[in-house]
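Input: a single structure, listed below in C-alpha cells.
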Amino acid sequence: MSTSPITDNLSSSSAADIITYIGIPLAVIGVLPIIYTCIRAILIHRTIRRNLTVNGHASTAITRGSLMSGVVEIELPRFTITPLDRDLDAEYWKLNPTRSVLAGASWSFFHWNMLVTGKRLYRVQYKDELRVPQAEIGFEELVGFLLDRGAVLDERGWGVLRTSGLWTPAGTVLMRPPVVAGAGGQGGGFGRSEAVLRVGVPDDSDGVLSLSVFWQSVWDRRGPGCLPPFWMRLEQPGVGDGMEIGDVKGGATDLLEERAVEEKEAANAEGDGLDKKSSVTITEEEDNTKETNNNETTTTDSPSSPSPSPSPNTPLSLPVQIANKLQSLHGPSNPPTSIRFRLETSTIDRIYFENNDIYTGISTTLPPSPSPLTTWFTSASAALSRLTSTQSQSQSQSPSQTIHPSQTIHPSQTTIPSGVLVLLSLLPPTAVPPFTTPPPPNTDSLKFHRRAMDRQRAEAAEIHLPFAQRAAAHSARAQAELWATLDDQRAAAQARREYEERRVRDALGSVRVGNGVVAEAGLGWLVGRGRLPRGYGLVEGVRAVLWLLVVGGVEGEGVVEVCERWVGWGVPGGGMGTGDLEFLIGGGEGEGEGDGRLVAFCYAALLVWVVQEAGVGKGKGEGDVSADMRECLRVWKKVRLG
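As numbered in my numbering, residues 4 to 645 make up the sequence shown, in order.
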C-alpha cells in the first residue's frame, strides 16, 4: 500500500525539530518578565540618579540596582542642622535657590549649618517612593529661626500639640506666615491660609516629633536690623515736652541742666499762681464758715486733693535722672538710647546698652535669681511686651512680642483701700465713697456763747466791788479762763487724735479699688509733682520705671520693696495695716520732701498694674500660646524636619 507525501514528512520529523519550532518560542516567552524587570530596574535607576542630581543629592548619595529583583538601593546621609549666624552670614536671610523637592527635604528651603550624623538606606521599586532622610534640629532653634523670619505662632496648633503629643494629627499647623498687606489673598493679607510649620507624617521619625516647613520669598520682611526672637528692647524714656532722649547728645549735661532749670522755673511760676488761688479760696471758705457759724470745717481741715503744683524744690523728672545716671556711667560721648535683653526664661541674666539700636559694648547684670528686683523686672517686662502686642493687634509684630516667660507673681486685682489713697493725697475725698465720719468741730459755738455770757455777768458784778476785791476777782477770773482754755485745747487735741486714729482705721477698712485706679492716681500725682513729664501715659510710665530698676540703684530697690509688700497685701487674710501706711508716709532716705516712699509707691503701682493688666502669671494654661509653646519646647528638645 502506498503512502502520501505529507504523511511521510510528519513521520520523518525528529525531536530536535519540535524543540526548535515549539520549545524555543516558549522559553523566550518565559524569560520576557525577567528581561522586563532588568530593563525596568535600569530605567528606574537612571531616573532616580537624575532626580538625585537635579535636587542636589547626587554627590552624597550611593545607589545600587538589582537587575533580577528590580529593587534600587539608595544610601543617603542624615544631617543634623543648625541655623546660620544671623549677623555674619547673609544667606541666613535668603532662600535656598537649589532646594530639593523630594519628600522629606522641606528643610532645604533655607541655608543651614549641616553635619552628617548617620546614613539611611532606602529600597524602592518605583521612582515615586524616592525620599531623603529628615534632618534633625533643635526644636527651640527651629522655632526661633522661623520667628526671626517673621512667622507667627498658631494658638490652636500649639494647644493640640501640647495635649496630644506624638498623636497629634498630621497637618496640624504650628506656625503661620506673617500678614503681607497688598500682596493678594483675602482681606488684603497674604498667606494666612498657608502654613509655615506643620506636623508631618511620622514615617521616618523613629519616635521623634516629625515636622515639615514651607516658605515663600514674599513673606520676607525682616533683616539683620530687626530684634532677634525672644529678645526685647526698651527705648530710653523721653524727657517730655516733645524733647526725646535722642536729642540729648554731645553736650548732654548742659542740655539737661538747662532743661532742669526750665522745669523748675515753670513749676515755681505755676505753683505761685495756684498757691494764691488756693489761699483766696481758703479765706473765702473761712469767712463763710464764720458767718454761718456751722460745724463744718474749712478746706484746711479736710484732706486736700492732690495739687498739681510742685514745690519750689521740685526734683528732676525721672527721665532726666535716668539720662544723668547713664551719662555719669557711660560718658557723654556715646550715651545709651535703649537697652535689650533676652526675655525667654523666668529670669534675665544680662542687659545690653545700645546707641541707636547698636550694641555699645557695655552691659550690666541684674542681681541673681531669686532676687525680687530681677523677678519684678522680668515680670513687668514680659507684661509690657504682652500688653503692647495686644494693643497693636498686628500679626506681623516683632517675635519678642509674642514670646513671654512664665511668671510667678500673682497681684490681686483689688488691693489698696480707697481711703488710703485719700490719706496719701493721691485722690480727693469726693472721688471715693465716704469711708469715715466728719472731723470734730474746731469750736463749740454753744460753749463759746455760754462762756461769753458768763464773762459779761462776771465783769458786771466786778464793777460794784471795791478796787482790791475787783482786782482779786479779775485775777481769779483770768486764771480760770486760762485753765479752761488749756482744757479746751487738750480736749480738742485728744478729739483730733482720736479722729485721726479712727480715720486711719476706717481708711484701711474702706472699699478696695482696682490696680488701674491706683496706677492712674499715682501717675497723676507723679506728673503733678514733676516726677514724670506731662503727657506721659501708663505705658510710658512703666517703661521709665523699668529703666529705673536697671540704673536706679537704691531707689529701684525701694520700688521693688513696695511691690513685694503690695503682693502681700493682696493675699487672703492679708491686707494693708497701720504699719504699712506709716511706712508709706514716713518718707525715704535722700528725699528732701519726705515723700520718697510715696514716690516709690506710685512707681510700684505702675509695675503692679502692667503685670495684672497683661495677665502674666495667671496660669491661663492651654489657652495661652506662649505657655503651650514653652511646654512643647521643654518636652521635645530635638525634632525631625522633613
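Think of the CB as a built atom: it goes at the ideal place given N, C-alpha and C, for glycine as much as any other residue.
- Taking residue 487 as the centre and dropping the five residues before and after it, the same chain places the C-beta of 454 closer than 8 Å to its C-beta, in chain order.
- When secondary structure is reduced to three states using DSSP, residue 197 falls in the coil class, being assigned neither helix nor strand.
- Beta-bridge partners assigned by DSSP to residue 79: 123.
- Excluding the 5 residues flanking it on each side, residue 352 has same chain C-beta neighbours closer than 7 Å at 368, in chain order.
- In this structure, residue 642 keeps its C-beta atom at 8 Å or more from the C-beta atom of residue 105.
- As DSSP reads the structure, residue 516 sits in a beta bridge with 419.
- With contacts defined as CB atoms closer than 8 Å, residue 533 and residue 320 qualify as a contacting pair.
- Residue 528 is classed as buried because its beta carbon has at least 16 other beta carbons within 10 Å across all chains shown.
- By the 16-neighbour rule on beta-carbons within 10 angstroms, residue 322 is buried.
- Residue 357 has 341 and 362 as its beta-bridge partners, per DSSP.
- Beta-bridge pairing by DSSP links residue 456 to no other residue.
- Under DSSP, residue 34 takes part in no beta bridge, so it has no partner.
- Distance from the CA of residue 42 to the CA of residue 131, rounded to the nearest whole angstrom, comes to 18 Å.
- Put simply, the backbone Cα of residue 110 is about 15 Å away from that of residue 147.
- Residue 609 and residue 426 do not touch by the CB rule: their CB atoms are close to 20 Å apart, not below 8 Å.
- For residue 606, the number of other beta carbons within 10 angstroms of its own is at least 16, and it is reported as buried.
- One Cα belongs to residue 564, the other to residue 509, and the distance between them is close to 25 Å.
- A direct Cα-to-Cα measurement between residue 142 and residue 205 gives close to 16 Å.
- Annotated three-state conformation of residue 73 is coil, per DSSP.
- Looking at the DSSP output, residue 528 bridges to nothing.
- With fewer than 16 neighbouring CB atoms inside 10 Å of its own CB, residue 121 falls in the exposed class.
- DSSP places residue 642 in the strand class (E or B) of the three-state scheme.
- Ranked by Cα distance from residue 629, the first of 56, 160, 47 and 90 is 160.
- For residue 414, the number of other beta carbons within 10 angstroms of its own is at least 16, and it is reported as buried.
- Residue 138 places its beta carbon less than 8 Å from that of residue 644.
- Residue 92 and residue 86 have their C-alpha atoms roughly 10 Å apart.
- When secondary structure is reduced to three states using DSSP, residue 175 falls in the coil class, being assigned neither helix nor strand.
- Here residue 113 is bridged, per DSSP, to 98.
- In this structure, the straight-line span from the alpha carbon of residue 416 to that of residue 203 is close to 43 Å.
- For residue 554, the closest of 134, 32, 47 and 240 by C-alpha to C-alpha distance is 240.
- For the pair residue 477 and residue 491, the Cα-to-Cα distance works out to about 21 Å.
- Contact between residue 514 and residue 421 holds: their C-beta atoms lie close to 5 Å from each other, under 8 Å.
- Comparing alpha carbon positions, the residue from 525, 325, 531 and 216 closest to residue 541 is 525.
- Residue 213 is bridged by DSSP to 643.
- Residue environment for residue 381: buried (at least 16 other C-beta atoms within 10 angstroms of its C-beta).
- Non-local beta-carbon contacts of residue 480 in its own chain, meaning distances under 7 Å to residues more than five positions away in sequence, involve 461 in chain order.
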